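Heads up: the sequence shown begins at 68 in the numbering used here, then just goes up one per residue. Beta carbons: idealized from backbone N, C-alpha and C, even for Gly. All values derive from a computational prediction rather than experimental measurement. Accompanying notes for the structure given below.
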Amino acid sequence: MVKQFRAWFETVKHLLEKPDVFVARLQARWGIVTNPNAIRIENSGALDFGSFTLAEIEAKIDALLKESSSFTNSSEKTEQF
Numbered sequence: 068m069v070k071q072f073r074a075w076f077e078t079v080k081h082l083l084e085k086p087d088v089f090v091a092r093l094q095a096r097w098g099i100v101t102n103p104n105a106i107r108i109e110n111s112g113a114l115d116f117g118s119f120t121l122a123e124i125e126a127k128i129d130a131l132l133k134e135s136s137s138f139t140n141s142s143e144k145t146e147q148f
């Protein structure tokens with residue numbers, strides 16, 4: 068069923084610019100009534116995380132832990148956490 072939906076979606080994805088028409092087609096074909104804007108999420112794109120060694124990752128984690136510890140101990144209010 069997922070493959071069928073994906074194939075169908077390829078034929079109607081241009082209708083996302085006309086939500087009322089898209090919803091009508093969605094309901095007619097699949098019995099789904101929804102607002103496509105409620106499920107539309109902008110993609111932030113690909114991210115390059117780089118290539119790190121295990122030692123580099125551990126060093127970064129240690130630095131973040133040290134930073135969080137410094138913040139926690141920075142005042143009486145944050146020490147309560």
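Cα-Cα separation, residue i to residue j
{"i": "glutamine 71", "j": "arginine 92", "result": "15 Å"}
{"i": "phenylalanine 76", "j": "arginine 96", "result": "11 Å"}
{"i": "glutamate 134", "j": "alanine 126", "result": "12 Å"}
{"i": "threonine 120", "j": "leucine 132", "result": "19 Å"}
{"i": "glycine 98", "j": "threonine 78", "result": "17 Å"}
{"i": "aspartate 129", "j": "serine 136", "result": "10 Å"}
{"i": "alanine 143", "j": "valine 100", "result": "Checking the sequence, you will find glutamate at residue 143 rather than alanine. For glutamate 143 and valine 100, the distance between alpha carbons rounds to 52 Å."}
Residue i, enclosing alpha helix (DSSP H) - first and last residue
{"i": "valine 88", "result": "86-97"}
{"i": "leucine 82", "result": "Per DSSP, leucine 82 belongs to no alpha helix (DSSP H) and is neither H nor E."}
{"i": "serine 141", "result": "Neither: serine 141 is in no alpha helix (DSSP H) and is coded neither H nor E."}
Residue burial classification, residue i (beta-carbon count within 10 angstroms, cutoff 16)
{"i": "phenylalanine 116", "result": "exposed"}
{"i": "alanine 89", "result": "The sequence given here places phenylalanine at residue 89; alanine does not occur at that position. Under this definition phenylalanine 89 is a buried residue."}
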